[in-house]
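Numbering that gives the first Met the number 0 applies: residue 0 is where the sequence shown begins, and numbers increase by one.
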Amino acid sequence: MSQIQETRRRGRPAVPVALDGQERETLERWARRPSSSQALALRCRVVLAAADGETNRAIAGRLGCCAATVAKWRGRFAERRLDGLVDEPRPGRPRAISDEQVEAVLVRTLEEAPPGATHWSTRSMAAEMGMSQRSVSRIWRAFGLRPHRLGSFKVSPDPQFIDKVRDVVGLYLNPPEAAAVLCVDEKTQARALDRTAPTLPLAFGAPQRRGHDYRRCGTTDLYAALDAASGRVISTMTARRRSEEFRGFLNLIDREVPDCLDVHIVLDNVSTHKAPTIQRWLLRHPRFSFHFTPTYSSWMNLVERWFAELTAEWLHRSAHTSVRDLQDAINAWIGHWNQDPKPFTWHKSADDILETLAAHLQRINGSGH
0 MSQIQETRRR GRPAVPVALD GQERETLERW ARRPSSSQAL ALRCRVVLAA
50 ADGETNRAIA GRLGCCAATV AKWRGRFAER RLDGLVDEPR PGRPRAISDE
100 QVEAVLVRTL EEAPPGATHW STRSMAAEMG MSQRSVSRIW RAFGLRPHRL
150 GSFKVSPDPQ FIDKVRDVVG LYLNPPEAAA VLCVDEKTQA RALDRTAPTL
200 PLAFGAPQRR GHDYRRCGTT DLYAALDAAS GRVISTMTAR RRSEEFRGFL
250 NLIDREVPDC LDVHIVLDNV STHKAPTIQR WLLRHPRFSF HFTPTYSSWM
300 NLVERWFAEL TAEWLHRSAH TSVRDLQDAI NAWIGHWNQD PKPFTWHKSA
350 DDILETLAAH LQRINGSGH
């Protein structure tokens with residue numbers, strides 16, 4: 000056999016590949032991580048196999064690609080190491096919108112309002128700037144601008160805000176030993192509403208539908224105490240919301256919580272919680288301690304999250320023909336909840352809350368804080 004024929008049969012010699020410890024670790028990580036693209040994972044496996052001494056043909060047969068692909072990435076890695084395995088950016092279509100135009104859109108969005116409106120829309124901004132609506136949408140999305148949305152805030156004027164935040168958050172994150180931490184509040188004026196027309200059930204291609212009109216059948220007040228550790232709820236319902244009803248609910252908590260435990264109650268600042276009858280009740284029950292949330296800060300009370308769960312999962316779509324019917328339905332849902340209670344976990348520390356509030360107050364002019 001001639002020398003030329005021998006060269007053609009053997010093919011072009013494979014480029015040798017040698018890896019150090021860091022390169023091998025990186026390639027193995029890229030090859031197995033879920034976020035890697037399939038193309039990058041294949042290239043990493045090719046290089047790892049080449050470093051182990053496998054031939055191009057053997058690698059191609061095992062990985063399901065052609066030998067030319069194996070030779071390409073073996074050679075590129077030998078020339079440029081790890082950077083050679085990453086796709087280079089492609090030029091693509093030239094930009095049709097300049098940086099100056101993007102800046103003009105941002106300045107106009109943040110500093111001006113359109114004539115005859117309080118905020119810009121993609122259509123009004125596109126007409127103003129002489130570009131397409133889609134271009135404006137992409138610019139706003141890239142910089143996180145949403146002029147159509149409006150948020151609200153309420154800053155607590157409580158002079159003891161910092162002390163109360165640290166007190167309540169400390170109970171959540173570091174509860175005292177041999178004590179129960181209960182989050183207490185009232186859901187007032189829970190309405191028993193009966194629909195004037197029957198609700199149409201869920202169907203293929205159509206959501207559940209109900210009539211707009213309803214009949215009012217009375218209201219009830221729900222008192223609830225959420226155990227911060229277990230998620231269990233102690234509750235009762237009354238026709239009125241006075242200090243007498245709240246004192247009765249405290250007596251219920253006193254009976255439900257074992258005598259060997261102290262009771263720390265997180266609650267808001269309404270007058271019924273501070274009435275003289277409640278103060279006298281506390282003197283007769285020294286194991287009870289009240290921890291008030293700051294003014295306008297009921298979001299710190301975990302039972303509010305439980306009320307939201309009750310409303311969304313049970314009350315929002317239900318219909319009740321009487322107050323008794325509503326009370327029975329609420330008691331049934333609470334019983335179902337207590338069979339498998341789920342506590343709500345507090346994550347933010349008091350310092351995190353205060354730092355967030357301080358950053359927000361710096362943006363408010365003339366707030367007096």
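We put the beta carbon where it would ideally sit given N, CA and C, even for glycine.
Whole-angstrom C-beta distance between residue j and residue i, which should lie under 8 angstroms
i	j	result
aspartate 82	proline 293	Not quite, the Cβ-Cβ distance comes to about 55 angstroms (not below 8 angstroms), so this is no contact.
valine 256	valine 183	Not really, about 12 angstroms apart at Cβ, beyond 8 angstroms.
alanine 30	alanine 40	5 angstroms
asparagine 263	serine 288	Residue identity differs from the one stated: residue 263 is histidine in this sequence, not asparagine. Rounded, the Cβ-Cβ distance is 5 angstroms, consistent with contact.
arginine 186	tyrosine 295	First, the residue type needs correcting, since residue 186 is lysine and not arginine in the sequence shown. In fact, because the Cβ distance is near 18 angstroms, the residues do not count as touching under 8 angstroms.
alanine 126	histidine 118	Contact doesn't hold; Cβ gap of about 15 angstroms is too wide.
glycine 217	valine 322	4 angstroms
phenylalanine 248	tyrosine 222	4 angstroms
phenylalanine 384	aspartate 258	Residue 384 lies beyond the residue range present for the chain, which begins at 0 and ends at 368; the question has no answer from this structure.
serine 242	isoleucine 277	6 angstroms
arginine 246	tryptophan 298	Not quite, the Cβ-Cβ distance comes to about 26 angstroms (not below 8 angstroms), so this is no contact.
The ligand FAD heavy atom lying under 7 angstroms from the CB of residue i
i	result
leucine 249	Judged by which ligands are present, the structure shown has none, so any question about the ligand FAD falls away.
Per DSSP, the bridge partner or partners of residue i
i	result
methionine 236	Leu221
phenylalanine 291	Leu266
valine 183	Ala224
aspartate 253	In DSSP, aspartate 253 forms no bridge with anything.
arginine 31	Answer is none; arginine 31 lacks a bridge partner.
tyrosine 171	Its beta-bridge partners do not exist; DSSP assigns none.
alanine 178	Asp261
alanine 189	Thr219
arginine 194	Tyr213
Check whether residue i and residue j have beta carbons under 8 angstroms apart
i	j	result
valine 369	valine 265	Residue 369 lies beyond the range of the chain shown here (0 to 368); nothing can be said about it.
isoleucine 161	methionine 236	no
arginine 62	valine 45	Per the sequence presented here, residue 62 reads as leucine, with arginine not at that position. The answer is yes: Cβ separation under 8 angstroms.
alanine 178	leucine 260	yes
arginine 73	valine 135	no
aspartate 212	glutamine 188	no
cysteine 43	leucine 18	no
threonine 195	arginine 214	yes
threonine 54	alanine 13	yes
leucine 353	valine 164	yes
valine 370	leucine 170	Lying outside 0 to 368, the shown extent of the chain, residue 370 is not represented and no answer is given.
valine 101	methionine 124	no
tryptophan 313	leucine 225	no
tryptophan 139	arginine 148	no
proline 174	alanine 228	yes
leucine 360	tryptophan 332	no
alanine 70	arginine 56	no
asparagine 337	arginine 240	no
glutamate 22	arginine 80	yes
aspartate 327	histidine 284	no
leucine 172	serine 34	no
Any chain C beta carbon closer than 8 angstroms to residue i
i	result
valine 265	Checking the listed chains, one finds no chain C in this structure; it contains a single protein chain.
Element boundaries [alpha helix (DSSP H), containing residue i]
i	result
valine 154	Here valine 154 belongs to no alpha helix (DSSP H), and DSSP marks it neither H nor E.
lysine 71	66 to 79
aspartate 351	349 to 360
asparagine 202	According to the sequence displayed, residue 202 carries alanine and not asparagine. Careful: alanine 202 lies outside any alpha helix (DSSP H) and carries neither H nor E.
alanine 49	37 to 50
arginine 94	Note, arginine 94: premise wrong, no alpha helix (DSSP H); not H, not E.
glutamine 278	275 to 283
glutamine 207	Counting along the chain, glutamine 207 falls outside any alpha helix (DSSP H), and DSSP gives it neither H nor E.
arginine 127	For the record, residue 127 in the displayed sequence is glutamate; it is not arginine. Start and end: 121 to 128.
serine 134	132 to 141
glycine 60	55 to 62
Could you tell me which uninterrupted alpha helix (DSSP H) segments, each at least 4 residues in length, are contained entirely in the segment 297 to 328, listed from first to last along the chain? Assignment of alpha helix (DSSP H) within the segment 297 to 328, counting only whole runs of 4 or more residues, yields 301 to 309 in chain order.
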